[in-house]
Structure formats: C-alpha cells, structure tokens
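In order, the protein sequence lines correspond to chains B and W.
Using this note's numbering, read the first sequence as starting at 64 and increasing by one per residue.
Using this note's numbering, read the second sequence as starting at 50 and increasing by one per residue.
The beta-carbon is built from N, C-alpha and C at its ideal position, and this holds for glycine as well.
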Amino acid sequence: MTSKNENTKADTIIGLLFLLPYLILWLLFAIAPVGYGFYISLHKWNPIGQSPFVGFDNYTQLFSNDRFWNALENTFIYAAWAIPLILALGLAFALLLKSAKMSTVAIIEGALFFPYLLNVSVVGILWAFLLDPNVGILPYYIRAIGFSPPDFLNSPAYVLPTIAFVSAWWLCGYRMIVFRAGLNAIPDELYESSALDGAGPIRQFFSITLPLMKPSILFAAILTLVAGLCTLGQVLIMTNGGPGTSSEVLALFMYRTAFESFNFGQAAAIGFMLFAIVFVISIALVKFLGLKSELG
Amino acid sequence: MERRDFMKAMACLGLAPLAGTLGSVPASAAETKMWFNTLFHGGDADAMETIVKNIHASNPDLNIDLTQGAWTEYYAQLYNSVVAESAPQIGIVDDFRYESVAEVLYDVQDTPAGNILELMGAKTDDFAQWDISLVGGKALGIPLDQNGFGIYYNKDIFRKAGLDPEKFPQTREEFESACEAIKKIGKLPYHPALSGEPRYIRRAWLALLWSLNEDYIKGDKAAFNTDKGRQSLQYLVDMVQKQGWNRPGTNGTNQFLSGELGMLQNGTWFYLTVEKAKLDYGCSMPPKFFDRQVSWGGYHLIVLPKQPDSDETVAKLQATAKFLKAFLPYYSLWGEMGGAVPLFKAAINDPKLKETQTWKKTLGMFSQAAASGLMQAEPRHPKITDVDLAVEPHVQEAYNGTITVAEALNRAEADVNKVLAGA
C-alpha cells in the first residue's frame, strides 16, 4: 500500500516536472499580464510619470459611461452573429467534404482554408472595397439584378451582421479543418452498424457524429468565442466603429481609450472586464460540453 | 519587475510586428543612424521620401531610416515607443494632437544635446508662425507646414454642366446652382468629407460652424450647441439627405478620382494623388457659405521624441540637428511635392517655388488662404482629441440621417462636457 502511494506521489512529481516548462511560460505570458492588467486598472496610469492608486474608480466611471454599455452591447450582438455563423459554416463544409466523392476534395479544402491565411488588414480592406457603395462588386451585382443594395457598412442595422459574415468567410476554413479532424476520428464501423440497425443520416448525425465530436466542437467553440468577443481588426479597418458607434465593440473602445485618449488605467479596466466575460463563458462551455468525447 | 520595465517589454512586443510592417527599426549601436517616423501615407509620403533620399545623398554620414505609417496608429506608436525607450529620433505631429503627446517630446531648445535650433543654425524668426510650436511656453517642435482643406473640382464636369471651369463659385448661391447643374448631367455634384470617415465629416461641419463665427469649445465647455451650430450642421446634413449632392457612406476621393464627382473637399496633401490621376482639375477655397469664408486647417510640426539618458542619445540628437539643418533648404520641395504651405520663410519667399506646377495648381491658392487666415486650426486644448472623438459619432449619425441635428448636438454637447470635466 505504502509503495503504491509512493509511486503515485512520484508520478505526480514527474508529471509536474514535465509540465513545468509550459507552466512557467503560461504564468509569465498569460497569468502575469492578466494580474498586471488588473493592477494597472486600479491606477490612474501614467507609464512615464506618477500613477496614483484610484481603487475601482476606473470601473465605476466605465459603468456610468453610455459608450461603454453601447460597446458591450455591440460586442454581444456581433458575437451572436459571428460565432454561430463561423461554427455552422465550418461544420457544414467539413460534413460536405467528408461525404464528397470527388477527386478535387483537397483543392476545395485548400480553397476554403485559404482566407484564414490572410492578415486581418487584408481581409478588412478587401471586403471594404467589395462592399463599397460606389465601386464595390457586391452592390454592383445587386443593382444589376434590379435591387437596391443595402448600405452594408454604413447602416446601423446591417453593419455588425456584415462584419460577422466577413469574419465567417475569413475564419470558417480553420474551424472546418478542426471539425474534419474530429470527423476522421470517428470509426466508420459505428456508421455501418447503425445503418444496419436502420439509422438514417439525420439520426446518425445527432446520435453519433455530434456526440463524438464534442472535443473538436469545444475547441472550435472556445477559439471562436475568443475571436468573437475580442474582435478588433475587422471593425477597426472596415468601419472604425461607425456609423456613429454602431460597430464600436469593446476591444475597439479599449484600443481608443488606451491609444487615442492615452487613458491606460481605464483601458486596462475594460480589458480586465473583457477577460472576465470570456473566461466565465469559456468555463460555462467546458462545463456544458465536457472535455471528453463519448469515445472516452 | 519594475512597472516601467514591464511596460517596456510589453510595448516592445506590441511594436515589433508593427515595426516589421513599416520598415526596420534602427540598430541602436549605429553611431549616426537615425529613425525618422512620419504619419504621412499619401503624396506627402512620396515627398518626404524624396527629401530624405536627397539629404542622404549629400550627407552620406547621416544614415536615416525613414518609416511612414498609417495615420490612426501613429500617435499610439509614438507614445508607446517613448515608453519603451525605443522611440524614433524624429517624428511629425499634427497640431491638434500636439498637446496630447506633449509629455513625450523634447523641448527643442533644451535637449540633452543643447538647443537643437542653434545647432541647426536657425532662429525662431526664420519660421513663419513659430508660436504654433509652443506648449506652455516651451517649443516642443519645429513648424513644418500649414495644411488644410480646399475644394478640388473636375473641369471636364464643369464644362459638361455648362459652368466656367476657370471660375469656381465664390458664394453659397453660386455653389448651390453649380451643384444643381452638375446633378442634371448625371454626375455627383459634391462630397464634403474626403473618404467619408467621421473625422472628415466633423471637419467639414467645423468649417461651416466657423463660417457662422461660432466656437467649437469655450474654456472647458462645449460651445457648438447653439442656433448657429444647428444651422451649420443642418446645412451639411442637407447636402446628402435633402439636396442629393451625394450619399452618406461613400468615399469622395474614389468618386473624384474615377471622374464621377464634380467637387471634392480634400486636403493640401491631395495634390500628388490627383496629379497622378491625370484629371483636368482646379482647386479653390470653399465659397463663403455663411458669414465668412473659411476652411478647416492644421499644422505639421517636426518633433523630437524623448530618448533614454545616454551618450548615444546626445550623439543621435547632434546628428538629428545636422539632418534638420540639411532639411531646411528642402522646405520648398516639401511644399512643391507635399502640397502644404511650408512654414520656413525662405521657402515661402523662394521664387523657384512660385514657378512650380504645384504653386500654379494648388499651393499658390493655399498660401494666399493661409496668409489671409482663411484656413482655421482647431482650438488648442490638452483634451481636444477626446473632444473630437466624442463629437464624431453623433455628427456622423446626423449626416447619415439616423438621428436629427438637434439630437446629435445635444448628445455631442453632453459627451464633450463630460470629457472636458475630466469624467
């Protein structure tokens, strides 16, 4: 018994030693910046001068700032469009490619993945040009078929769904690859035996595919959640938060507070709240989906 | 880890990719290698590149690493680079952002290398409008140019619309009838706000506000929410919502360069771009829309961002002074290629400059407007950037027709007063 306990203890120590290099980096580059960001948020921060401690003043000022609440609302609206769109498109492409019997699957997969290789600046500039009301190709073709094109990037109603669609175009290829890996890990025998038992494609999807893809879905969902709630580049480049403040999301508000108003303390407070939101939702996702697949 | 060290490390990490996209950061070991970072990105960027190349050709010992970047990230980069103790030796600052970055700039007459102006062999009197460089009595920069908006117009469209291409409308009535004439031939008459970004919409409104002799801010209060403020903004909004001279959300620069727009409000810096487009164009000050003729204007200043205390810094500042001394004869070329009014008196009076195509097409007109006080700069205030940011969304929403002019100015006034009260 004692020997078994000693072995377990030794295994734990060895395990921790293996983890140590990663843990050090994680503490240094993930935990320390979060803690330091929180520390900054408690000060009227001046990186080249005195920074008096102000307690939670930066937070209370934010809570009384309409622009902060507007940015928070925009962040959730954008995320509500972008996250399902990115995941659904990624999953749909993965399923279509798995069932495709063409020799050109690899080419199609490459083409779908390609946008992910582009820098966000390129994506933003490209789509701003494609959607330009005067010279954009999309409004041109909408006009060509006899309709009046919506003001994609200059209408408060359309701007966030439009940017969400652009994000989906950009990011769904990578999610497709993640889902493809998850799909490929499901043994074909399960489908064959369920077919013998009379299960159709829909029953197979809900009873085999989705449950066994839980780890892939969780991974893609957390990645997409972070991308959705912390989005900055697309908004900064395509609309700079406009029209008005219709697309000013939290990350952009934080960026402006820090680097246009040079109010670093308040920007850190926004950053910390954004971190808290992402953290809580991520933990909830992990709890809801679980870390293990049905395969164990 | 010290707070400052942490910020340095983080800022370096953040700046590394940005620097990679703009060019290489100078090697700190090089004795006279200097980093000159500007916010120019159009025709004026080409002009500065030409000047720097010329200076290097005649001063091979001055190794100048010129990087020119996007306007919106420039001030963040400038500030962070000083915090990270890896700032460029030379930068450019707009007058309306000058006070917000004042604490990261050297007093050019009191640097660790001494008085840079003296080292350049120059005097304050050599510069037109030297006072614009002063913040709290200290000269935090050297005046480079005065820039501002004029109206560029397509002479071919004027001809087709039956207008005299050599005579730009000088009154509001003439301007409005010109717009109607252009509309009749199926072209877009006017775009008041360059690429249509909120800051340009705000600037277009400010010029109309000033035309009514109304203030933007007074002391620590917003001053624009008055009858005159509403009248000026309503006039701007009506251009796109009622008169149909253009549409909100459009890029006037693209419209003009593609030959679809009759008149475009754009800056002095537009000269090289419009020249390259091979359009037959003219340029004029805006007409007298209300009580006086005025356009939005500003200044560029050459600044010296603060460096860590070291012998290397002194050596680099001395090299900077040498570079700036070599720059002085190029103020004329800056005017000729960059299109802005140079603020070095010898350049303004340079007869060769007055023979250039730029002078004939745009610069002569802008110089005259600057001398007559027709280009008005924004009020100097440490929080003017925050004021502008508070105003812009509301003015843009009014311009887009999503809220009324009164609503926009009420909201803008409340936000500006919060900003100015320090909330």
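Bounding residues of the beta strand (DSSP E) (the contiguous stretch that carries residue i)
i	result
W/Asn196	Ile191 to Asn203
W/Trp345	Ser344 to Val352
W/Gln117	Asn112 to Gln117
W/Met424	Met424 to Ala426
Partners in chain W for residue i, counting only beta-carbon separations shorter than 9 Å
i	result
B/Pro306	Pro247, Pro297, Gly298, Pro442, Gln445, Glu446, Tyr448, Asn449 and Thr451
B/Arg319	Leu438
Chain-ordered chain B contacts of residue i [CB-CB under 8 Å]
i	result
W/Thr434	Glu323 and Ser324
W/Asn303	Asp195, Asn197 and Val198
W/Ala481	In the structure as shown, chain W starts at 50 and stops at 472, and residue 481 of chain W therefore has no counterpart that could be examined.
From the options, residue whose alpha carbon lies closest to that of residue i
i	options	result
W/Ala242	W/Arg460, W/Asn449, W/Asn466 and W/Gly471	W/Asn449
W/Met288	W/Arg252, W/Gly235 and W/Glu225	W/Glu225
B/Pro212	B/Leu201, B/Pro219, B/Phe338 and B/Val222	B/Leu201
B/Pro115	B/Tyr102, B/Ile344 and B/Gly261	B/Tyr102
W/Phe319	W/Glu309, W/Phe305 and W/Gly311	W/Phe305
W/Glu229	W/Arg248, W/Ser244, W/Glu246 and W/Lys209	W/Lys209
W/Thr434	W/Asn164, W/Leu237 and W/Ile266	W/Ile266
W/Ala392	W/Trp259, W/Lys236 and W/Gly190	The amino acid occupying residue 392 of chain W in the given sequence is Leu; Ala does not appear at that position. Nearest option by C-alpha distance: W/Gly190.
B/Ser184	B/Ala284, B/Trp233, B/Gly353 and B/Ile149	B/Trp233
W/Ser307	W/Trp294, W/Lys291, W/Lys270 and W/Ala326	W/Ala326
W/Tyr284	W/Lys232, W/Val454, W/Asn108 and W/Asp110	W/Val454
B/Ala347	B/Ser104, B/Ser166, B/Asn326 and B/Ala284	B/Ala284
B/Ile300	B/Asn326, B/Val229, B/Gly334 and B/Ala244	B/Val229
W/Tyr239	W/Thr275, W/His443 and W/Asn303	W/Asn303
W/Glu222	W/Lys337, W/Pro442 and W/Val101	W/Lys337
W/Lys216	W/Asp464, W/Ser135 and W/Cys332	W/Cys332
W/Asp95	W/Ala133, W/Asp143 and W/Thr322	W/Thr322
B/Gly304	W/Val131, W/Glu441 and W/Ser107	W/Glu441
W/Trp345	W/Ala426, W/Gln367 and W/Ser421	W/Ala426
W/Gln281	W/Asn466, W/Val465, W/Ala457 and W/Thr81	Rather than Gln, the amino acid found at residue 281 of chain W in this sequence is Ser. Among W/Asn466, W/Val465, W/Ala457 and W/Thr81, the Cα nearest to that of W/Ser281 is on W/Ala457.
B/Asp149	B/Gly334, B/Ile265, B/Ser310 and B/Tyr237	One point to set straight first is that residue 149 of chain B is Ile, not Asp, in the sequence displayed. Cα-wise, what sits closest to B/Ile149 is B/Tyr237.
W/Phe207	W/Lys232, W/Gly185 and W/Leu193	W/Lys232
B/Leu160	B/Val222, B/Ile240 and B/Asp195	B/Ile240
B/Phe177	B/Ile188, B/Ser127, B/Pro196 and B/Cys235	B/Cys235
B/Ala244	B/Leu275, B/Gly307, B/Val298 and B/Trp132	B/Leu275
B/Gly153	B/Leu223, B/Ser127, B/Phe242 and B/Leu82	B/Phe242
W/Ile200	W/Leu350, W/Ala256, W/Asp174 and W/Gly186	W/Ala256
Chain-ordered neighbours of residue i on chain W, where CB pairs are closer than 7 Å
i	result
B/Leu181	Here the premise fails: no neighbours, minimum Cβ distance about 14 Å.
B/Pro219	Thr451
B/Asp214	Gly298
According to DSSP, residues forming a beta bridge with residue i
i	result
W/Trp294	W/Trp294 pairs with nothing; no bridge assigned.
W/Asp143	W/His349
W/Leu313	W/Tyr201 and W/His240
W/Ser333	W/Ile200
W/Pro391	W/Asp194
W/Thr220	W/Lys337
B/Ala169	The partner list for B/Ala169 (beta bridge, DSSP) is empty, contrary to what the question assumes.
B/Ala339	B/Ala339 pairs with nothing; no bridge assigned.
B/Lys277	The partner list for B/Lys277 (beta bridge, DSSP) is empty, contrary to what the question assumes.
Partners in chain B for residue i, counting only beta-carbon separations shorter than 9 Å
i	result
W/Val153	Ile111
W/Ser149	Glu323, Ser324 and Phe325
W/Val132	Pro110 and Ile111
W/Lys307	At residue 307 of chain W the sequence reads Ser, which differs from the Lys that was named. Ordered by position in chain B, the residues that pass the 9 Å Cβ test against W/Ser307 are Asn197 and Val198.
W/Ala125	Tyr318, Ala321, Phe322, Glu323 and Phe325
Residue i: first and last residue of the uninterrupted alpha helix (DSSP H) it sits in
i	result
B/Thr257	The residue you asked about is not Thr; residue 257 of chain B is Ser in the sequence shown. Unbroken alpha helix (DSSP H) run through B/Ser257: Asp251 to Leu259.
W/His90	That residue, W/His90, is in no alpha helix (DSSP H); it is neither H nor E in DSSP.
W/Asn459	Val454 to Leu469
B/Gly100	Ala95 to Ser104
B/Met239	Val222 to Asn247
W/Trp408	Counting along the chain, W/Trp408 falls outside any alpha helix (DSSP H), and DSSP gives it neither H nor E.
W/Glu446	Ile433 to Asn449
B/Gly153	Asp129 to Ser162
B/Lys107	Careful: B/Lys107 lies outside any alpha helix (DSSP H) and carries neither H nor E.
W/Phe415	Gly413 to Ala420
W/Ser260	Pro247 to Ser260
B/Pro202	Ile200 to Ala207
Partner residues on chain B for residue i, Cβ-Cβ distance less than 7 Å
i	result
W/Tyr128	Phe325
Contact set between residue i and chain W, taken where Cβ atoms lie within less than 8 Å
i	result
B/Asn137	Simply none; closest approach about 12 Å.
B/Asn303	Thr121, Glu246 and Pro247
Closer than 8 Å to chain C by CB, residue i
i	result
B/Leu281	Absent from the structure is chain C; the protein chains it does hold are B and W.
Residue i: CB within 7 Å of a non-hydrogen atom of the ligand MN
i	result
W/Asp174	The ligand content of the structure shown is nil, which means the ligand MN is not present either.
Chain-ordered residues of the segment 342–366 of chain W with a beta carbon less than 7 Å from chain B: Of all residues in the segment 342–366 of chain W, none places a beta-carbon less than 7 Å from a beta-carbon of chain B.
What residues in the segment 307–341 of chain W have a beta carbon less than 8 Å from any beta carbon of chain B? Answer set for the segment 307–341 of chain W: Ser307 and Glu309.
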